[in-house]
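Colleague: Sequential numbering of the sequence shown, starting at 3, is according to the numbering used here. Where is the CB? At the ideal position from N, CA and C, for every residue including glycine. Note that this is a predicted model, so its numbers are computed, not measured.
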Amino acid sequence: MHDEYNVFMLQAIEMAKKAYQLGEIPVGALIVRNGEIISQAYNSRETDKNALAHAEIKAIDEACKKLGGWRLIGCDLYVTLEPCPMCTGAIINSRIERVIYGADNPKFGSCGSVVNLTDFPYNHKPEIIAGVMADECSYLLKLFGKSLRSRNEDLSK
Numbered sequence: 003m004h005d006e007y008n009v010f011m012l013q014a015i016e017m018a019k020k021a022y023q024l025g026e027i028p029v030g031a032l033i034v035r036n037g038e039i040i041s042q043a044y045n046s047r048e049t050d051k052n053a054l055a056h057a058e059i060k061a062i063d064e065a066c067k068k069l070g071g072w073r074l075i076g077c078d079l080y081v082t083l084e085p086c087p088m089c090t091g092a093i094i095n096s097r098i099e100r101v102i103y104g105a106d107n108p109k110f111g112s113c114g115s116v117v118n119l120t121d122f123p124y125n126h127k128p129e130i131i132a133g134v135m136a137d138e139c140s141y142l143l144k145l146f147g148k149s150l151r152s153r154n155e156d157l158s159k
């Protein structure tokens, strides 16, 4: 895989670690343009009590504010987990050029795992690059799942 992909995915993993430390599903995302990080974010749905607080949505929102417009032309999104339908819709609407993700999302993945929303005839079709540092991206998700199952077992005793 491209060295540049790994460098930016490592930063997305750092964002995912922040989510993990807060007890959030560990997903991190960043928006990159011309080799520069424009924005970065992590999941905070539980903390913010907001269904929209996905890492991708937050990173897109921050990038739009920073760049002064809703079109993120020339921007790439790096995210540790394949985007869900809501995030994929935001990716399409914001005109992100490329989505580079790590782990597949077999429950909600909308860039190929469950469905590929970019295959529909929308007016924009981002390039999808899957599986970048997939093992590293999956690791925190697996740890999080284990801790949830353990917590649920403790509650049922």
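Residue range of the beta strand (DSSP E) that Gly30 falls in?
Modeller: 30-35
Colleague: DSSP three-state call for Gly70: helix, strand or coil?
Modeller: Note: Gly70 maps to coil in three-state DSSP.
Colleague: What are the partner residues of Ser41, as DSSP defines its beta bridges?
Modeller: Note: Ser41 sits in a beta bridge opposite Ile33.
Colleague: Figure out for me which residue from Cys86, Ile98, Leu142 has the closest Cα to the Cα of Ala115.
Modeller: Just to set this straight, residue 115 is Ser in the shown sequence, not Ala. Taking only the C-alpha atoms, the option nearest Ser115 is Cys86.
Colleague: Check Arg113 in the structure and name its three-state DSSP category.
Modeller: In the sequence on display, residue 113 carries Cys and not Arg. Of the three classes helix, strand and coil, the one that applies to Cys113 here is strand, per DSSP.
Colleague: Below 6 Å CB to CB, which residues in the same chain sit around Val34 once its five sequence neighbours on both sides are set aside?
Modeller: Phe10, Asp78
Colleague: Looking at Gly26: is its Cβ nearer than 9 Å to the Cβ of Arg47?
Modeller: The residue you asked about is not Gly; residue 26 is Glu in the sequence shown. Contact: yes.
Colleague: Check the DSSP bridge columns for Tyr103 and list the partner residues they point to.
Modeller: Val81
Colleague: Let me make sure I understand the geometry here. Which of Gly91, Lys68, Asn45, Lys20 has the alpha-carbon closest to that of Lys127?
Modeller: Minimum Cα distance to Lys127 is reached at Gly91.
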